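Everything on this sheet refers to the single structure shown next.
Protein chains: 2
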Amino acid sequence: MKLKEFAKQVGLSPTTVSRALSGYPEVSETTRARVAEAAARLGYSPNVNAVRLKTGRAGAIGVVMGRAGEFHFAEFMAGMAERLVAEETDILVIPMADPNHEDEMQLYRRLVESRRVDAIIVHSPKPNDERIALLHELGMPFLVHGRSAIDVPHAWLDIDNEAAIKRATSHLIDLGHRRIAMINGRSGATYALHRDSGFRKALQSHGIEPDPQLMASGNFTDELGFRFARSFLEQPNPPTAFVAGSMMTALGVYRAVRSLGMQIGRDVSVIAHDDVFPYLTADNMVPSLSATRSSMRAAGTRCADLVLQLLSGRSPLEIHELWPVELILRESTGPARPSRS
Amino acid sequence: MKLKEFAKQVGLSPTTVSRALSGYPEVSETTRARVAEAAARLGYSPNVNAVRLKTGRAGAIGVVMGRAGEFHFAEFMAGMAERLVAEETDILVIPMADPNHEDEMQLYRRLVESRRVDAIIVHSPKPNDERIALLHELGMPFLVHGRSAIDVPHAWLDIDNEAAIKRATSHLIDLGHRRIAMINGRSGATYALHRDSGFRKALQSHGIEPDPQLMASGNFTDELGFRFARSFLEQPNPPTAFVAGSMMTALGVYRAVRSLGMQIGRDVSVIAHDDVFPYLTADNMVPSLSATRSSMRAAGTRCADLVLQLLSGRSPLEIHELWPVELILRESTGPARPSRS
DNA sequence: GCAAATAACCAAACCGTTTTCAATTTTAGA
DNA sequence: TCTAAAATTGAAAACGGTTTGGTTATTTGC
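Residue numbers (this note's numbering), protein chains in the order written: chain R, 11 to 351; chain E, 11 to 351.
Listed below in C-alpha cells is the structure:
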C-alpha cells in the first residue's frame with residue numbers, strides 16, 4: 011500500500027500522514043493516534059527506498075566481512091543486533107572478496123559512493139590503515155573497532171590488549187616462569203602488535219629477553235595452537251608457560267601439552283584471551299583456563315551505540331574508548347616447576 | 011556526483027549514460043566504453059537508493075539473526091558472502107529481539123512491507139513454521155535453510171539429518187554398542203526432529219528400544235555437552251556411545267568422558283555432527299572425532315545461489331535440495347567393550 | 001470584538017535514478 | 001540516389017515518499 015492510497019483511506023493528505031507517522035509536532039494528538047491505528051490496521055509502512063532516497067539516510071550500518079569467517083564475528087554482530095533491534099537501523103554485511111589491496115579500497119569507495127550505508131565499522135585495523143584514511147577523505151562516518159596509529163581523526167573502541175597481555179605475562183613471571191611462549195594473532199593488525207608489545211614489555215621489565223623461537227602468529231585456530239605449542243615444546247629448551255591469542259588457540263595448546271604427556275597447570279601454564287563465547291567457556295575447560303577476558307558481544311553492542319551517536323552528530327574526536335581487560339585466574343596457571351631437562 | 015552532472019561531463023544524456031552503465035544493448039560499444047572509462051575516472055556510481063526506488067529491487071537478501079548468536083551463523087554468512095561478492099547484492103542482517111512469538115511475525119511483516127530486501131532466508135524452521143506461511147502469503151520470495159512439513163509451496167535446502175544420524179547410530183550398533191546416548195539440538199526445529207527420528211529408526215531396526223534416559227536436547231554448547239554426557243555416564247546403566255549434535259557438544263562429551271577416567275574410542279565411542287569450521291576440526295581432536303560432516307559454508311554459498319535463481323524467476327517448487335551427509339570414521343569410535351559394571 | 005498569533009492541515013516540488021516513447025542518425029536494400 | 005529499416009540517442013514521466021511554503025481554522029491578547 012502506498013502513502014497516497016493510505017492517506018485517502020484515512021481521509022488526510024499525504025503530508026499530514028507522513029508527519030503523523032514520523033512524529034512531527036505540528037500534528038494533533040488525535041490525528042496522530044488515528045493515523046497510527048489505521049497504519050497498524052491496514053498494514054501500511056513506508057517504502058524504505060523512497061524514504062532513503064528523499065532523506066538521504068540509508069538506515070543501515072555497514073560491516074565488511076572478510077573471507078576468513080571468524081568465529082568472533084557472530085558474537086560481535088549479535089551484540090550489534092542487540093542494540094539495533096529497537097532502532098530503525100539494520101546491519102549490512104558487505105562481502106569482501108580477497109584481502110587484495112586495491113580491490114579492498116575500491117570496495118570501500120564504491121560502498122561510500124553508492125550511499126548504501128550511513129556509517130561503516132572497520133575491524134582489525136592496521137597501525138597505518140588506508141581504509142581509515144580513505145573513509146575520512148570521503149567523509150563517511152565510521153567507527154574503528156580496534157586501533158590505528160594513523161594520523162587522521164577517527165572514532166574508535168578498543169580493548170587494552172597491551173595491558174592485558176602485559177599483565178598476563180607478568181603474572182606468569184611472578185609464578186616463576188622464565189620461558190614463556192606467545193601465540194599471537196595474524197601479524198599486521200594493531201591488536202597483534204599491541205599484544206606483542208605487552209608481552210615484550212612484561213618480559214623486559216623483569217630482565218628477560220624475548221625469545222623469537224617462542225613467538226608465533228597466525229589465525230586463531232585450534233590447529234595452529236596445537237602446531238605451534240607442540241613445536242615449541244619439542245625444542246631443546248621448551249617453554250613452561252603459554253600466552254595464547256584465543257580460546258581456539260588454547261584448545262590446541264591444551265591438546266599439544268596433553269599429547270606430550272604433560273599436565274596443564276602443573277607442567278605447563280596457559281593463559282589465553284577469551285572473547286566470551288556462549289558455546290565455549292574458559293571456566294569449563296579441564297583444567298579451567300586462566301584468561302584475559304573481554305566480551306566481544308558487549309563490544310558489538312557498544313560499537314552500535316557509538317555509531318548511532320556518531321550519526322546523531324557527536325564528533326568522532328570525542329569517541330575513543332579503551333576498555334580494560336580482566337584477568338581471571340583459574341587452574342591452568344601454576345608455579346613454574348624446575349625444568350625436567 | 012549525480013547522474014545529471016556526470017552525463018553532462020561525458021557529453022551525453024542521462025538516459026544514454028544510464029543505459030551504458032547497466033549494459034543495455036541499444037548503446038554503441040564506443041559510447042559504452044567512453045562512459046565506463048569516465049565513470050571510473052570521475053568516480054561516479056549511481057545512488058543505490060534511487061535505483062532501488064525506481065526498479066523496485068532492494069539489492070539485498072535478508073537474514074534474520076536470532077539472539078543466540080550461534081557459531082554456525084558466521085560460517086553460513088561467509089559462504090553466502092562468497093557467492094554474493096561478485097553480485098550486486100548484499101546481505102542484510104535483521105536483528106531479532108526475543109523469540110517472542112507475535113513480535114517475530116510482526117518483524118517479518120514489517121520487513122516485507124518496507125521492501126528492504128528482495129528475498130529472505132529462513133533458518134531452523136519448525137515442522138509447522140508460521141514464518142513460511144506468512145512469507146508465502148505476503149508474496150515475498152524466500153528460501154528455507156532446513157525443512158518444514160508445512161503445506162505451503164516453498165524453496166528449501168537441507169542436509170539429510172535423518173539419514174546421517176541413522177547411519178551414524180547404525181554404525182555404532184554395528185560396533186556392538188547397545189546403550190547409545192543422543193545429545194540433540196534444541197527441540198522444536200525440524201532438524202532436531204529428523205535427527206531424533208534417525209536415531210530411533212536405527213535403534214529400532216536393530217530391535218533396541220530408545221531409552222529416554224539417554225536422550226537430551228539443548229543448545230550446542232560445550233557446557234551442555236559436558237553436563238548431559240556426565241549425567242548419562244553416572245547413571246546405573248551408562249551408555250557406551252554418544253551421538254552428539256555439534257562440535258561444541260562433542261568437546262563437552264570428551265571432557266565428561268575424560269573426567270571420569272575413561273577413554274574415548276575405547277571405553278566410550280563418540281560421533282558428532284561437524285559443520286566444518288576452519289578453527290576447530292574433527293581431525294585434530296584427540297582422539298580424532300568420527301563425524302557426520304556437511305559444510306555449513308557450502309550451504310551458505312548454495313543458498314545464496316538458489317536465492318538468486320529464485321529472484322531471476324525460477325519457481326520455488328523446483329528448488330528442493332537435500333544434501334547427503336558424509337560419515338567420516340576416525341578414532342573416537344571403536345567396538346563396544348563389555349560393561350564394567 | 002478585532003488583530004495577531006498559533007495550530008492544524010495541504011499542494012506541489014523534489015530526491016536521483018530508470019524507462020517509455022519519440023526523434024534522429026546510420027546502414028542496408030533496390 | 002532514395003527509402004525503409006535498424007541503430008543510437010534524448011526528453012520527460014514515473015518510482016513513493018518528505019519537506020517547503022503556504023492556506024485555512026482556532027485561540028489569544030488587549
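Where a beta carbon is used, it is the ideal one built from N, C-alpha and C, also for glycine. Only a predicted model underlies this, so the values are computations on that prediction, with no experimental measurement involved.
Determine, using beta carbons only, whether residue 129 (chain E) and residue 317 (chain E) come nearer to each other than 9 Å.
yes
Determine the contact status of residue 308 (chain E) and residue 155 (chain E), defining contact as a CB-CB distance below 9 Å.
no
Cα-Cα, which of R:136, R:124, R:249 is closest to residue 188 (chain R)?
R:249
Mind listing the chain R neighbours of residue 53 (chain E)? Cutoff is C-beta to C-beta under 8 Å, in chain order.
119, 123
Would you kindly work out how many angstroms separate the C-alpha atoms of residue 199 (chain E) and residue 170 (chain E), rounded to a whole number?
14 Å
Which residue comes first and which comes last in the alpha helix (DSSP H) that contains residue 16 (chain E)?
13-20
Kindly indicate if chain R contains any beta-carbon less than 9 Å away from that of residue 289 (chain E).
yes
Taking DSSP's pairing of strands, which residues face residue 303 (chain R) in a bridge?
R:284, R:336
Straight-line CA distance for residue 163 (chain R) to residue 39 (chain E)?
44 Å
Does the beta carbon of residue 262 (chain R) sit closer than 9 Å to a beta carbon anywhere in chain E?
yes
Does DSSP classify residue 350 (chain E) as helix, strand or coil?
Legend: pLDDT at residue 350 (chain E) = 49, less than 50; position of this residue unreliable, value from coordinates given subsequently. Coil at residue 350 (chain E), not helix or strand.
Hey, how far is the Cα of residue 265 (chain R) from the Cα of residue 277 (chain E)?
20 Å
Interface positions of the segment 225-250 of chain E facing chain R (Cβ-Cβ less than 7 Å), listed along the chain
230, 231, 232, 233, 236
Would you mind sorting residue 138 (chain E) into buried or exposed? The rule is 16 or more other CB atoms within 10 Å of its CB.
exposed
Proximal residues, the segment 199-219 of chain R versus chain E, C-beta separation under 9 Å:
none
Which term fits residue 351 (chain E), buried or exposed, when burial requires 16 or more other beta carbons within 10 angstroms of its beta carbon?
Model confidence at residue 351 (chain E) stands at a pLDDT of 46, short of 50, so the residue's coordinates are unreliable and nothing is read from them.
Closer than 9 Å to chain E by CB, residue 165 (chain R):
no
Buried or exposed (CB count within 10 angstroms, at least 16 for buried), residue 334 (chain E)
exposed
Could you check whether the Cβ of residue 194 (chain E) sits closer than 9 Å to any Cβ belonging to chain R?
no
Run through chain R and tell me which residues come within less than 8 Å of residue 105 (chain E), C-beta to C-beta.
90, 91, 92, 94, 95, 100, 101
For the segment 264-278 of chain E, which residues have a CB atom closer than 8 Å to at least one CB atom of chain R, in sequence order?
265, 268, 269
If you measure between the beta carbons of residue 343 (chain R) and residue 279 (chain R), is that distance less than 9 Å?
yes
Helix, strand or coil at residue 30 (chain E) [DSSP, three-state]:
helix
Chain-order list of residues whose beta-carbon lies under 8 Å from that of residue 221 (chain E) (same chain, five-residue window excluded):
189
Among R:149, R:65, R:192, R:212, which one has its Cα closest to the Cα of residue 177 (chain R)?
R:212
Is there contact here, the segment 78-96 of chain R with the segment 26-41 of chain E, by at least three beta-carbon pairs under 8 Å?
no
Residue 215 (chain E) bridges to which residues according to DSSP?
Answer is none; residue 215 (chain E) lacks a bridge partner.
Between residue 62 (chain R) and chain E, is the shortest Cβ-Cβ distance under 9 Å, so that the two count as touching?
yes
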